[in-house]
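A.B. asks:
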Amino acid sequence: MGDSGVDVRSCFFYDPDVPFVATGEKDKHGKLFFKSDRHRKIRYYRFFGDSMDGNGHGTHVATSILGNTMDDDWDDYNGMAPGAKLAFTDLGVTGSDSGGGIGVPGNLRRDYFPYGWDAGARIFSESWGSDSTAYDALAKGVDQMAWEEPQFLAVIAAGNFGGLEKDTTINSPATSKNALTVGATLTAESSSLGQVRVVRDGDVFLMTVDGGIPGDGAHNSKYNVQLAYFGPLFGSSLLRKRMPLSMADPLDACSTLTNLEDLQGAAVLVERGGCRFVDKVLNVQRAGGTVALVANNAPSGSFKMTFLGDPNSVASVVIPSASMPRNAARPMVRAFGQGRQLTVRFEEQRLPDDRFSNLAPFSSVGPTDDGRVKPDVVAPGLTLSGGTVSEPGQCRRSVLYGTSMATPLVSGSALLVRQYFEDGFYPTGARNWRSSHEPSGALVKAVLIAGATAMTGTTPSDNPKLNGVPLESPPSIRQGFGRVNVGTSLPLQGAAWRLQVVDQAPIQTGERHKYCITSNGGWLKVVLVWHDPPGDPIAASSLVNDLDVSLRAAGLGGAVILGNGDRDSTNNVEMMHFSNVPEGTVSVLVEGAEVPRGPQPYSLVVLGEFQGELVSEHNPASARGATASECAVIVAKVYIGPGSLTNNRHPIFTFGTEAPAEIVPDFECRLVAVVGGAAGDVAGSHNWTACSSPQSYRNLPDGSYKFSVRGRGEPEADERVFVVDTKPPVPEIATSPGAVSTSNRAVFEFDAPDQTAVSYECHTSSVDELQAMRWPLAARELSGETGDWQNCTSPWEVTLGSPGLRAFSVRASDAAGNTDASSTASALWRFDPDTSKVYTEITQAPPLNTNSTDVQFSFALAREYGRDIEGAGFECRHEAFDKDNPRTFQVAPDWVLCSSPRRIRNQEEGSYVFSVRSASDGGRRSPTTVARRLFSVDRQLPVLEITAHPEELQTGPASTFAFESSEPHAEITCALEAEHGSQDMSSYTQAPCTSPHAFFDLPDGTYTFVLRARDAAGNEAEPVTYTWDVDATAPVLVSLDVTEGSSQKTLKPMNQTAAGGGFQVATSDNTLHFRWNITDGPFGKGVDSVFCFMKPLEVDSSSLLRSSRPDGSVEAHAQAQLCSSPRTYWLSEGNYSFFLSAVDKARNAGSLPHVTVFVDTRPPRSVLRFGPDSMETVPSTVFLTVDSIDAGVAPSGVRDLWALLRPISEDDAESEQRAPLDPVAPPLEVGGGALGVQDVAKVGVSNQESAEEGSN
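Position 1199, counted from 1, in the sequence shown is what the working numbering calls 2136; the numbers after and before it change by one each time, with no gaps.
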């Protein structure tokens, strides 16, 4: 560290056995220094400025880090890491120490950091800064050192300019990307600073948001909001009451809001900027909103909503309003974008009692000029620590405040983190020297951030008469990622939480590293940190390499949660914090979004309540050579099943998951009877059992059921509750005309008790005398007639045109679709006209429901019966009635003379009854019987709405639609059109359908779903369409060739013959070229990226010393890398598994057939184990035994074994016999000979071994 100086006489540093005297030597810059391996505290002291601490700043800071007194009475004042040693550069300027002046080299990388580094320092604590807020040469020097020395970590004070109450007051070099920048909190003490006023409890309210994406900040998520300085408070009518949350349109609410229906009685989210706060609130108020929530449009966190302007405007505000930070509003906006319905609840908030949960008013705030989150962490900024003394060994303390005081507390914590890893406390929490690991600076930074506590207090105003603002949740430009809590960062043995890390794993552009753990159902933090290469001070953004971390958890519905809450291309620190992740699989993914200077090493920390290991060769807890594990977050989803009410006793459920395509998920299903059913009778259905889609059940009794499906072992399940109702309603006729009626109008009342809504159809027919004699048996025969059945309601009126026997029948169906023709209710009556009356009949009329405003009726006297009046005219009456209550007619108009046909024009929509009767000549009225006909005019088009549909790019097996019509009895038809694709569409023409409606296993292509409807009046709805793409097919391998680098010989041409098939190749060449052709099919969205890795199984790296590395080649790598064809590998002797994985633009991933590669550069050896003795006379048939061994790390095995038999008594080479070695060797010639045995390995490496044998 460097500072104004250290008083080495202080009891916290003094060593009576080692005099503190400069060595007399000078460094390369001509500065004296002290150096000792024996001094109990100081290893190195460089006199860069002077050799004293005139103002005590440096002594105070150094003591806070590692001061260790020799006086037991002062142990309570030791530093954070009292066992640590100090390498110090005295930056104090002679004559200026009392004023706090220091001098700093302009090039920190070259002229400052190396001195402490060479003395063994790895944590550099810097409680000083410049007056610049830019990313300048000082900040770049910090980043340069961190990039070149991975174990380096600079902990730097943020600055003390928070009192300016503006953004971007962090001072360089704290603007460095790779530094751990420290802000300050208040301290639990009673000085004047400790009494700085914070926001009153009554000004801050706790807002709980529900209904959003689980884990993404708008689902059971809590935020502090600050009441505006105008308008009313949250009254009792609003507090603790749940209300809808809506978003204003336009979002800035600077003009009249247009989405009035969404805003009635709602809390309304609006964006800051564009007009006065009061204007926004008034526009929300006029639109019917109940609360106005103004979200910041900048990353500056919370803010005050004050009022300037016309007092009359404030007086007219009658709804409360509050401000909130931008990072709280973003997840709500994302949820609205997915069509989610959010709710919100407000309640009184009691601010924390501990003052160190509040930011110190002097602490500088971010963001940096290029928008990065700074500070990184905070710590108490008013400390009681060591001071300068007058006598050696004397103890003295002093109280100072500032981010300079917070920084050493964090630096000391960083030293403890290093010791935790170096002493082998990781991963068990108990010291184990065999587990020792030297952590990188990025890992130390990540561990401290992971354990930091999110503060829920405020940023007090520097003016004690003013309120401050609530702290926004991390990542924050005020508190960074929280207040350092080393006790949480470093779990010890027996702790309820665990720590897992990956340290310095290299990654390139396009590479994806996946890690798998299992949540225990508690809190979880994930932190990604990388030391980024130094940026360009004049660039708009200082970030060079962009990485991303994301998480998917089964317990959170499988949604992708991004580090820092959104796609981040600005920061080199990304964090995700969950207060509770339900039990289940958790997948953490690190991606190289853009790595122009790669590979980029990164450090990943997972802290919390979980099980499992981040399997990686870069995890000190993993076995050597470990590779990242594969896991799938299996979030089961029911695509289609019975509706909430069904008459099908054999329901079928189709389900799937959003797991990657290369993972074949295992499912478990359960069916439980909720009310009345008997799911337990279905074998094992009430227990979780293995299942696959589709899952069917047979012969379910009537009752209520709950079907559940989940990924195997996952706690979260998707559920469907449904009712099985197979009993049809049985209608009963309560009122009828009786056995004989003289009226040509008959009224029937009927009912059919059922647990669901019932609809009716009525039928009237003539009955002959024979049928009447067979009644009611004949009623069942008549009930089967079709053509005259029509929808009806009770009471129902029938008008007859001729005398005789009549039968009225009514049948019922319930909402489940149950109906039974045998349960039809019927009534028999005889129409016997009164001859003293004149009967009228309607011979032509509009249908019961019509969409025409002009209707026509034709009528005549019924001359076949009753009285006949010569030349009689007619009287008509046209009246409206209440369709929902047919007994209630409006005041009837007068009868008017009319003639047939009678046309009624320009009728308004509604229900009517038309009546006609005869009239006598001369105005004399004769006794008559009226004919009536009911009808309804309906010109309203049915309105169709698709309420659920597939994603625009569907990858699952089922494309499911849900829809509804404004008219429940409208006939709905569905059709499917293919814009391109291989599907035969002949079976998808327009046909009746019900919701939900699903299309299964559609081939890849583009499809349009067409929904139409026609109501009973003939009105046709405007067709509703939805177009989407289906790409459910993962990329496939067309061909894969492996060619030797030296000979260019193709070892084995390979074409994919079976999914998941593998191949083997063997070679003696260290250089191999892999060429492949991968396709996403003719209608897929195309291959997006290809990943490959050459996993070493067993290797001998020394064999590469015998060959030179070709240009453009890569060595074996266990992590998947983005790659393209061709790819050249330079491999040592050994065996490997080469894997290809392709991802298409629909994110379908396919693991393609792998190749087992044997690189075998050593020849096999053969030994003649048994044969004739020397000079032995043998028969013409000789038996030989040969042992062949293919030695080496990865032997490919002996392919061919050859024998050479050569007579030694003759020189004629043509007499040599060479042939494959069979169980019986070739006959030997008479005379002496030599037998040579040659082995040829599978890779073509040969070796000649010979043994001299004599024979005669």
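Ideal Cβ placement from N, Cα and C applies to all residues, glycine included.
The structure presented is a predicted model; accordingly, all values stated were derived computationally and were not measured.
1) Would you call the stretch 1356 to 1366 and the stretch 1008 to 1016 in contact, with 3 or more CB pairs under 8 Å?
2) Out of His1468, Ser1350, Asn1422, Asp1307, state which residue places its alpha-carbon closest to the alpha-carbon of Ser1478.
3) Give me the residue from Val1314, Phe2028, Asn1196, Pro1538 with the minimum Cα distance to Asn1556.
4) How many angstroms separate the CA atom of Gln1827 from the CA atom of Thr1736?
5) How many Å lie between Ala1971 and Gly1120 at the Cα?
6) Should the stretch 1492 to 1506 be regarded as contacting the stretch 1435 to 1453, the criterion being three or more beta carbon pairs within less than 8 Å?
7) Buried or exposed for Ser947, please, with buried defined as at least 16 other CB atoms from any protein chain shown within 10 angstroms of its CB.
8) Based on the DSSP secondary-structure assignment, which residues constitute the bridge partners of Cys1628?
9) Please state whether DSSP places Cys948 in a helix, a strand or coil.
10) Are Trp1733 and Phe1685 close, meaning C-beta to C-beta below 8 Å?
11) When burial is assigned at 16 or more other CB atoms within 10 Å of the CB, is Gln1201 buried or exposed?
12) Which residue marks the beginning of the beta strand (DSSP E) containing Ser1540, and which one marks its end?
13) For Cys1212, count neighbouring Cβ atoms within 10 angstroms of its own Cβ and tell me buried if that reaches 16, exposed if not.
14) Who does Glu1285 pair with in a DSSP beta bridge?
15) Taking the C-alpha atoms as reference points, what is the distance between Asp1819 and Ser1848?
16) On the criterion of 16 or more Cβ atoms from any shown chain inside 10 Å, does Glu1285 qualify as buried, or is it exposed?
17) Starting from Thr1910, follow its DSSP beta bridges and name the residues at the other end.
18) Three or more beta-carbon pairs under 8 Å between the stretch 2058 to 2078 and the stretch 2104 to 2113, yes or no?
19) Considering only their Cβ atoms, is the gap separating Val1423 from Ser1377 smaller than 8 Å?
20) Alpha carbon to alpha carbon, how far is Ser1984 from Val2002?
21) So Asp1688 and Ser1746 are supposed to be a Cβ contact under 8 Å. How far apart are they, rounded?
22) Would you report the Cα separation of Trp2139 and Ser1629, rounded to the nearest angstrom?
23) Pick helix, strand or coil for Gln1081, following the three-state DSSP scheme.
24) Residues in its own chain within less than 8 Å of Asp1875 by CB, not counting five upstream and five downstream?
25) With Phe1050 as the anchor, note down where its beta strand (DSSP E) starts and where it stops.
26) Quick one, are the C-beta atoms of Ser2069 and Val2036 less than 8 Å apart?
27) Check this for me: beta carbons of Pro1533 and Gln1081, under 8 Å apart or not?
28) Kindly indicate which residue of Phe1659, Ala1232, Asp1290 has the alpha-carbon position closest to the one of Gly1210.
29) Alpha carbons only, please: which of Arg1292, Val1228, Tyr1052, Val1486 is nearest the one belonging to Leu1465?
30) If you draw a straight line from the alpha carbon of Pro1666 to that of Leu1188, how long is it in whole angstroms?
31) Since Pro1329 contacts Tyr951 with CB under 8 Å, what's their CB separation in whole angstroms?
32) Is it buried or exposed, Gly2049, if we count other Cβ atoms within 10 angstroms and call 16 or more buried?
33) So which of Val1030, Gly2021, Leu2141, Pro1887 has the shortest CA-CA distance to Phe1937?
34) Whose C-beta lies closer than 7 Å to the C-beta of Gly1096 among residues of the same chain, with five residues either side of it excluded?
35) Going along the chain, which residues of its own chain have a beta-carbon closer than 6 Å to the beta-carbon of Leu1353, five neighbours each way excluded?
36) What are the boundary residues of the alpha helix (DSSP H) that includes Gln2001?
C.D. replies: On the basis of the data shown:
1) Too few Cβ pairs lie closer than 8 Å, so no.
2) For this step, residue 1478 is matched to residue 541 along the sequence shown. Selected option, being the one with the closest Cα: Asp1307.
3) The residue you call residue 1556 lines up with position 619 of the sequence shown. That would be Pro1538, whose Cα lies nearest to the Cα of Asn1556.
4) Within the sequence shown, residue 1827 is the residue found at index 890, counting from 1. Within the sequence shown, residue 1736 is the residue found at index 799, counting from 1. Here the model assigns Gln1827 a pLDDT of 48, short of 50, so the residue's position is not dependable, and the following value carries that caveat. Going by the C-alpha atoms only, they are around 21 Å apart.
5) What you label residue 1971 is simply residue 1034 of the sequence shown in a count that begins at 1. What you label residue 1120 is simply residue 183 of the sequence shown in a count that begins at 1. Distance between the alpha carbons of Ala1971 and Gly1120: 49 Å.
6) No: the two stretches stay apart, fewer than three of their Cβ pairs being nearer than 8 Å.
7) Mapped onto the sequence shown, residue 947 falls at position 10. It counts as buried.
8) Taking the first residue of the sequence shown as 1, we reach residue 1628 at position 691. Partner(s): Phe1604.
9) The residue given as residue 948 occupies position 11 in the sequence shown. If DSSP states are grouped into helix, strand and coil, Cys948 belongs with coil.
10) In the sequence shown, the residue the question calls residue 1733 occupies position 796. In the sequence shown, the residue the question calls residue 1685 occupies position 748. Closer than 8 Å, so yes.
11) Along the sequence shown, one-based indexing puts residue 1201 at 264. By the neighbour-count rule (16 or more Cβ atoms within 10 Å), Gln1201 is not buried but exposed.
12) As a working note, residue 1540 is residue 603 in the sequence shown. Residues 1537 to 1548.
13) Translated into the one-based positions of the sequence shown, residue 1212 becomes position 275. Under a 10 Å Cβ-count criterion, Cys1212 is classified as exposed, with fewer than 16 other Cβ atoms of the shown protein chains found around its own Cβ.
14) Start at 1 with the first residue of the sequence shown, and residue 1285 comes out as number 348. BP columns for Glu1285 point to Phe1142.
15) For this step, residue 1819 is matched to residue 882 along the sequence shown. For this step, residue 1848 is matched to residue 911 along the sequence shown. Their Cα atoms are separated by approximately 7 Å.
16) Mapped onto the sequence shown, residue 1285 falls at position 348. With fewer than 16 other Cβ atoms within 10 Å, it is exposed.
17) Along the sequence shown, one-based indexing puts residue 1910 at 973. Thr1910 pairs with Pro1929, Arg1949.
18) They do not touch, by the three-pair rule.
19) Taking the first residue of the sequence shown as position 1, residue 1377 is located at position 440. Taking the first residue of the sequence shown as position 1, residue 1423 is located at position 486. For Ser1377 and Val1423, no; Cβs fall outside 8 Å.
20) The sequence position of residue 1984 within the sequence shown is 1047, counting from 1. The sequence position of residue 2002 within the sequence shown is 1065, counting from 1. Those two C-alpha atoms are separated by around 15 Å.
21) In the sequence shown, counting from the first residue as 1, residue 1688 sits at position 751. In the sequence shown, counting from the first residue as 1, residue 1746 sits at position 809. Not quite, the Cβ-Cβ distance comes to about 15 Å (not below 8 Å), so this is no contact.
22) Taking the first residue of the sequence shown as position 1, residue 2139 is located at position 1202. Taking the first residue of the sequence shown as position 1, residue 1629 is located at position 692. Whole-angstrom Cα-Cα distance: 55 Å.
23) Residue mapping note: residue 1081 aligns to position 144 of the sequence shown, counting from 1. In the structure shown, Gln1081 sits in a helix (DSSP, three-state: H, G or I).
24) Taking the sequence shown and counting its residues from 1, the one referred to as residue 1875 is at position 938. Contacts found: Asn1786, Thr1787, Asn1788, Glu1846, Asp1952, Ala1953, Ala1954, Asn1956.
25) Within the sequence shown, the letter at position 113 stands for residue 1050. Annotation: Phe1050 is outside any beta strand (DSSP E); the continuous alpha helix (DSSP H) that includes it extends over 1050 to 1055.
26) Position 1132 of the sequence shown, counted from the start, is the residue given in the question as residue 2069. Position 1099 of the sequence shown, counted from the start, is the residue given in the question as residue 2036. In this structure, Val2036 lies closer than 8 Å to Ser2069 by Cβ.
27) Walking along the sequence shown from the start, residue 1533 turns up at place 596. Walking along the sequence shown from the start, residue 1081 turns up at place 144. Cβ distance not < 8 Å, so Pro1533 and Gln1081 don't count as in contact.
28) Numbered from 1 along the sequence shown, position 273 holds the residue referred to as residue 1210. Selected option, being the one with the closest Cα: Ala1232.
29) Numbered from its first residue, the sequence shown carries residue 1465 at position 528. Of the candidates Arg1292, Val1228, Tyr1052, Val1486, the one whose C-alpha sits nearest the C-alpha of Leu1465 is Val1486.
30) On the sequence shown, position 729 is the one that residue 1666 refers to. On the sequence shown, position 251 is the one that residue 1188 refers to. Here the alpha carbon of Pro1666 sits roughly 52 Å from the alpha carbon of Leu1188.
31) Mapped onto the sequence shown, residue 1329 falls at position 392. Mapped onto the sequence shown, residue 951 falls at position 14. That pair is a contact at about 5 Å.
32) Within the sequence shown, numbered from 1, the residue matching residue 2049 stands at position 1112. A residue is called buried when at least 16 other Cβ atoms come within 10 angstroms of its Cβ; Gly2049 does not meet this threshold and is exposed.
33) Residue numbering aside, residue 1937 sits at position 1000 when the sequence shown is read from its first letter. Among Val1030, Gly2021, Leu2141, Pro1887, the Cα nearest to that of Phe1937 is on Pro1887.
34) Here the question's residue 1096 lines up with position 159 in the sequence shown. Listed in chain order, the non-local C-beta contacts of Gly1096 below 7 Å within the same chain comprise Gly1066, Thr1106, Ile1107, Asn1108, Ala1111, Ser1301, Thr1340, local neighbours out to five positions each way being set aside.
35) Along the sequence shown, one-based indexing puts residue 1353 at 416. The residues are Ala1018, Val1423.
36) Stepping through the sequence shown from its first residue, residue 2001 is reached at position 1064. For Gln2001, there is no enclosing alpha helix (DSSP H); the residue is found in the beta strand (DSSP E) stretching over 2000 to 2004.
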